[in-house]
DNA sequence: GATGAATGAGGGTTCATTCAT
DNA sequence: TATGAATGAACCCTCATTCAT
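Chains as they are written, first to last, in UniProt numbering: chain A, 1 to 210; chain B, 1 to 210; chain C, 1 to 210; chain D, 1 to 210.
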């Protein structure tokens with residue numbers, strides 16, 4: 001028997017449209033690029049007047065900020081789910097966890113190549129501020145990864161003298177390379193191969209056993 | 001006593017201006033971004049009429065292609081110099097070679113952060129075609145790196161069952177991360193730390209010795 | 001024990017809001033100008049929905065007409081009060097009366113410089129129709145002044161061959177100049193000086209006694 | 001045998017178009033008002049592309065500033081011509097001079113009623129800055145008139161205790177009234193009557209000889 | 001009656017490109 | 001060959017007005 005006041009219903013509808021605009025804007029930006037997309041394109045695809053757009057977002061620059069926020073949140077949420085750094089007690093468990101994380105990333109970025117294209121390739125070219133946001137994102141990701149490494153060092157299953165911060169960046173670089181490679185060859189085989197290679201390098205390096 | 005016909009002198013001058021335009025275009029693109037840069041800006045900075053620009057390049061899109069070509073060539077040239085894959089015969093030599101390559105990259109990208117900013121962050125956002133060119137560049141770089149790995153596998157100082165292609169991408173990802181991290185913190189210390197971390201992961205991985 | 005039907009009470013409230021809208025519209029127009037003021041600004045300042053505005057006035061153009069009507073009425077009312085043209089019987093009395101009228105004008109326009117700004121400077125620029133209304137206002141004022149002059153001529157304390165109509169306009173021009181000068185320098189001293197100068201020119205002219 | 005370099009010819013043509021744009025802008029503003037006039041209207045009437053407009057003026061606000069400057073200059077030039085304040089030595093000469101000035105004003109404003117309409121009625125409503133410019137113009141005019149009065153006081157043909165500054169404003173107010181009255185009734189008779197009335201008030205006042 | 005969400009006409013402005021000189 | 005004046009497509013954004021709730 002959940003009743004709803006007319007006011008809250010209207011508010012909900014407003015939120016819904018807001019979300020739809022963000023999603024449609026992402027669609028447009030991903031398809032034709034930020035600069036080639038007009039506000040009118042977004043509005044037309046949604047079937048709303050383009051003046052309506054401006055009731056929900058300040059201007060074109062505003063919407064792309066929200067699109068990016070959305071994407072970053074999705075990525076971070078997917079990574080954080082069931083993957084607490086301190087839920088791991090051994091190298092074997094860490095291997096399993098990193099495989100899970102790799103799967104999650106594959107699911108997110110593999111499921112919609114437009115995400116990687118826009119977040120990792122397009123966005124930084126929008127303007128200087130957005131470039132910094134993208135670099136911020138990399139920074140955040142590095143801190144996340146560093147958390148895992150730190151835990152491993154403390155528990156002794158990772159090199160005790162690991163430069164946690166720099167190594168985290170290096171590992172994230174490999175993950176980035178995976179995602180980028182997927183843009184060219186989205187086949188599951190290639191993805192599996194990349195994933196294996198990354199983990200192999202990550203844990204054991206490339207040097208042959210002496 | 002090398003003389004030059006007036007014709008060839010004029011041709012040389014034309015080539016010179018062409019090059020100057022490419023360089024100045026890069027300056028502008030790197031400073032304000034591709035979309036925020038007008039043809040008039042480039043021409044004004046060069047002190048030429050902006051109509052003249054169109055005598056050297058088809059259109060705005062044309063010039064950025066040449067700028068990218070220029071940058072890619074510079075990077076590839078710097079990497080190839082004195083670093084033939086088959087000049088190495090042992091892991092120790094490879095370590096030294098990869099250190100040299102790292103230094104070369106640091107010199108190129110560290111010397112002018114605009115290069116990394118434009119080639120790695122801005123360019124892919126220009127349009128779909130340019131995005132593919134950037135991905136091509138990554139691909140070429142992967143092939144380059146794969147050459148080194150292949151040689152190492154053949155000579156036995158790298159894991160014999162290495163997935164050369166995927167591993168090359170992974171390693172390049174770490175290099176990419178190095179360069180990106182430099183954009184945020186260009187201090188030599190951070191760069192040295194990143195370089196060390198990359199090579200450590202690359203050769204030995206992060207796992208503690210069992 | 002005056003009772004009021006609900007109907008008339010509602011009607012009275014409507015009239016009250018109507019008046020408030022006109023006043024608030026004047027506030028906005030005077031502060032930011034007609035063109036820079038949006039209906040939403042007026043409504044927001046009143047704390048009503050901007051749709052409500054259209055239940056009281058046809059459109060934006062409609063409200064400014066009412067604002068002007070309001071202002072003109074205020075000015076005319078202030079001038080007419082206790083200043084009947086035929087209440088005067090001599091030059092001395094006319095001098096006193098014109099001083100009183102000057103004071104009344106000073107009170108109205110000096111009390112709120114926005115009135116002069118809007119009615120005398122802004123309004124005529126709104127559109128052709130409003131320009132004519134402003135000129136109508138000047139015309140009405142000229143007729144008013146002419147009434148006083150006519151009376152003076154008839155009673156003999158003003159030049160018998162006075163071109164009443166044209167002279168009325170000329171005098172009103174001096175008054176207009178007074179009000180405009182107040183916009184730049186609202187000090188009482190300047191106003192008093194202007195008032196004295198106007199009356200001196202008006203009665204005696206500037207020529208030195210021969 | 002005046003030859004002209006191609007450069008200077010082009011420069012002259014540019015100046016010419018610049019002037020034409022100012023004139024056409026004035027035409028449009030005077031006919032339909034500043035706010036109702038679009039840049040496209042001005043360009044279309046001139047038969048040029050509307051982008052061309054922006055090669056000559058920064059923006060819409062810029063052009064109206066030039067239009068006003070133009071008008072003010074025309075008025076000031078017409079007033080200053082052959083009417084130096086110190087060229088007068090007696091009241092009779094001053095009367096003749098002020099008649100000449102009146103004629104000059106009549107020629108300027110009477111010749112093109114749009115000038116008065118735009119400068120005196122429209123302009124001040126454009127925005128706060130323009131309003132101040134119009135008030136500046138009145139101020140300048142007051143100083144001009146004050147110069148004449150000052151001279152008359154010094155030579156003794158005007159009241160020795162004249163408040164020169166305030167009186168100048170008052171007189172200018174009468175002139176303003178003349179010009180405004182012309183907008184409603186442009187007949188030469190009315191203008192002549194106004195002119196006579198102004199001068200009569202100015203020199204002798206309205207009071208009957210005691 | 002009151003509201004404010006939706007609308008789209010309209011206008012200012014930019015800038016890549018052309019072409020006559 | 002170099003130039004820069006001219007052009008107009010394109011686009012962002014505002015805001016008066018309507019109308020369903």
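All residues carry an ideal CB built from backbone N, CA and C; glycine is no exception.
As the structure is a computational prediction, the values presented were derived from the model and not from experiment.
Selection D/209, D/65 and D/48 evaluated against residue 26 of chain D yields D/65 as nearest (Cα-Cα). Think of a sphere of 7 Å around the beta carbon of residue 183 of chain C: the chain D residues whose beta carbon falls inside it are 135, in chain order. Close CB contacts of residue 33 of chain D within its chain, under the 8 Å cut and outside five residues either way in sequence, are with 122 (chain order). Not one beta carbon of chain D lies nearer than 8 Å to the beta carbon of residue 140 of chain C. In this chain, the alpha helix (DSSP H) harbouring residue 62 of chain B covers 60–80. In the assembly as shown, residue 172 of chain C is a buried residue. Its beta-carbon has 16 or more other beta-carbons within 10 Å. Counting other Cβ atoms within 10 Å of its Cβ, residue 145 of chain B reaches 16 or more and is therefore classed as buried. Distances from the CA of residue 170 of chain C to each of D/191, D/162 and D/158 were compared; the closest alpha carbon is that of D/191.
By the C-beta criterion, the segment 122–134 of chain D is judged not to be in contact with the segment 148–156 of chain D, since fewer than 3 inter-stretch pairs fall below 8 Å. Looking at the DSSP output, residue 121 of chain B bridges to nothing.
Residues of chain A with a Cβ closer than 8 Å to the Cβ of residue 208 of chain B are, in chain order, 91, 156, 157, 158, 159 and 160. If you ignore the 5 residues before and after residue 202 of chain B, its C-beta comes within less than 8 Å of the C-beta of 98, 171 and 174, all in its own chain and listed in chain order. Contact annotation: the segment 67–84 of chain A does not touch the segment 37–53 of chain A, with fewer than three C-beta pairs closer than 8 Å. Here the segment 109–116 of chain B makes contact with the segment 181–188 of chain B; the two share three or more CB pairs at distances below 8 Å. Membership of residue 40 of chain C in the alpha helix (DSSP H) is indicated by the continuous run 39–46.
Neighbours of residue 172 of chain A in chain B, taken as residues whose beta carbon is under 7 Å from its own, are 177 in chain order. For residue 190 of chain B, the enclosing alpha helix (DSSP H) stretches over residues 188–204. With a beta-carbon spacing of about 21 Å, residue 157 of chain C and residue 79 of chain C fall beyond the 8 Å limit used to define contacts. In this structure, the beta-carbon distance from residue 179 of chain C to residue 120 of chain C falls below 8 Å. For residue 141 of chain D, the uninterrupted alpha helix (DSSP H) run begins and ends at 128–155, by DSSP. Straight-line spacing of the CA atoms in residue 14 of chain A and residue 37 of chain C works out to 27 Å. At a cut-off of 8 Å between C-beta atoms, residue 16 of chain D does not count as an interface residue with respect to chain C. For residue 169 of chain B, a Cβ of chain A is located within less than 8 Å of the residue's own Cβ. Within the same chain, 95, 98, 99 and 102 come within 8 Å of residue 199 of chain B by CB-CB distance, once the 5 residues on both sides are set aside. A Cβ-Cβ separation of about 18 Å leaves residue 207 of chain C out of contact with residue 165 of chain D under the 8 Å criterion. Ranked by Cα distance from residue 29 of chain C, the options C/114, C/53 and C/77 are led by C/114. Residue 163 of chain C places its beta carbon less than 8 Å from that of residue 193 of chain D.
Among the CB atoms of chain A, one or more fall inside 8 Å of the CB of residue 205 of chain B. Residue 104 of chain D sits away from residue 142 of chain D, with the two beta carbons spaced by 8 Å or more.
Considering only C/126, C/18 and C/197, the residue with the shortest C-alpha distance to residue 54 of chain C is C/18. Within 7 Å of the CB of residue 193 of chain A, the CB atoms of chain B belong to 163 and 166, in sequence order along the chain. The beta-bridge partner set that DSSP reports for residue 207 of chain A consists of B/158. For the segment 95–115 of chain D, no residue has a beta-carbon sitting nearer than 8 Å to a beta-carbon of chain C. When rounded, the separation of the alpha-carbon atoms in residue 117 of chain A and residue 73 of chain B is 24 Å.
For residue 88 of chain D, not one C-beta of chain C is nearer than 8 Å to its own C-beta. Cβ atoms of residue 21 of chain D and residue 39 of chain D stay farther apart than 8 Å, at about 10 Å.
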